[in-house]
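Working notes, beginning with the structure itself.
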Amino acid sequence: MSDEIIVNANEQFNCSNCNLSLIGQKYILNEEKPYCITCYESKFSHTCELCKEKITCDSKDLSFKDKHWHERCFFCSVCQGSLADKPFATKDNDLYCPECYDEKFSPRCDGCKKIFKAGSRKYEYKGSTWHEECFTCIECKQPIGAKSFVPKDDSVVGVPCYEEEYSQKWSKCDKAIQKGGGLIKAS
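When we follow the working numbering, the leftmost residue of the sequence shown carries the number 1, and every step to the right adds one.
As structure tokens, this is what we get:
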């Protein structure tokens with residue numbers, strides 16, 4: 001059996017809400033009850049989150065987490081690019097394409113200020129985070145990596161450079177007096 005409703009010529013076929021005859025008219029079935037387009041839209045159509053207008057039967061209704069948008073209203077809040085049929089992210093009720101979301105919200109390196117790409121190694125020390133290649137000794141500019149270092153002002157110095165440049169030396173052998181270095185958390 002098809003989804004068509006067959007009506008005997010002697011029967012009435014009316015809108016379940018306003019009782020308007022639906023014979024020869026477009027209608028929508030909702031829970032097996034027929035509605036004229038006007039009644040269906042007023043009773044069942046969702047309201048668009050952006051423009052606050054009803055999403056009518058001739059419009060595409062895009063939804064996410066019980067919120068609805070017209071297709072034309074479903075766009076990135078930064079670049080205004082359409083998000084219909086594309087991946088997107090949300091924050092504070094705003095929609096973002098992946099690129100704009102990363103640009104606006106992804107953590108950044110305290111050295112180069114660029115975004116950390118997924119899977120990249122980062123180093124953290126005293127609340128700051130760096131790319132592996134940006135966490136460097138202020139003297140030799142070489143990456144410190146997981147090696148020991150010594151804090152110097154607002155920077156860090158690798159232990160070999162610190163011993164060479166800053167540490168006190170033994171008077172007899174001119175070698176550096178050893179001090180403990182800091183440890184870094186790699187993630």
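Beta carbons: idealized from backbone N, C-alpha and C, even for Gly.
Let me know if Leu183 comes out buried or exposed under the rule of 16 or more other beta-carbons within 10 Å of its beta-carbon. In this predicted model, Leu183 has a pLDDT of only 47, less than 50, meaning its place in the structure is not dependable; the value taken from the coordinates is given anyway. Exposed.
Met1: buried (16+ other C-beta within 10 angstroms of its C-beta) or exposed? With a pLDDT of only 39 at Met1, under 50, the local geometry of the prediction cannot be trusted, and the value read off the model is given with reservation. Exposed.
Please say whether Phe149 and Gly111 have beta carbons closer to each other than 9 Å? Against a cut-off of 9 Å, the Cβ pair of Phe149 and Gly111 comes out as no contact.
Under DSSP, the beta strand (DSSP E) around Tyr166 begins and ends at which residues? Note, Tyr166: premise wrong, no beta strand (DSSP E); not H, not E.
Which one or two residues does DSSP pair with Lys122 in a beta bridge? Bridge partners of Lys122: His131.
How many whole angstroms separate the CB atoms of Asn19 and Tyr35, which I take to be in contact at a CB cut-off of 8 Å? Incorrect: roughly 11 Å between the Cβ atoms, too far for contact.
Backbone CA spacing between Glu191 and Lys175 [nearest angstrom]: Past the edges of the chain, shown from 1 to 187, lies residue 191, and the structure says nothing about it.
So, at 8 Å on beta carbons, what are the nonlocal neighbours of Leu22 in its own chain, with the 5 sequence-adjacent residues on each side left out? The residues are Phe13, Asn14, Cys15, Pro34 and Cys36.
So, for His70: in the same chain, excluding its five sequence neighbours on each side, which residues have a beta-carbon less than 6 Å away from its beta-carbon? Only Cys48, Ile55 and Ser59 meet the Cβ criterion.
Simplified DSSP assignment, three categories, for Cys79: Of the three classes helix, strand and coil, the one that applies to Cys79 here is coil, per DSSP.
Close beta carbons around Gly145, own chain, < 7 Å, minus the five adjacent residues each side: These residues qualify, in order along the chain: Glu132.
What does a CB cutoff of less than 6 Å around Cys39 pick up in its chain, not counting 5 residues either side in sequence? Listed in chain order, the non-local C-beta contacts of Cys39 below 6 Å within the same chain comprise Cys15, Asn17 and Cys18, local neighbours out to five positions each way being set aside.
Evaluate Phe74 with the Cβ neighbour count: other Cβ atoms within 10 Å of its Cβ, from every protein chain shown; 16 or more gives buried, anything less gives exposed. Around the Cβ of Phe74, a 10 Å sphere holds 16 or more other Cβ atoms; the residue is buried.
Who are Thr90's beta bridge partners in DSSP? Bridge partners of Thr90 according to DSSP: Leu95.
From Val159 to Glu124, what distance separates their C-alpha atoms? Distance between the alpha carbons of Val159 and Glu124 is about 18 Å.
Quick one, which of Pro143, Leu62 and Ile138 has its alpha-carbon nearest Arg121's? Answer by Cα proximity: Pro143.
Cβ of Lys65 within 9 Å of Cβ of Thr90? Closer than 9 Å, so yes.
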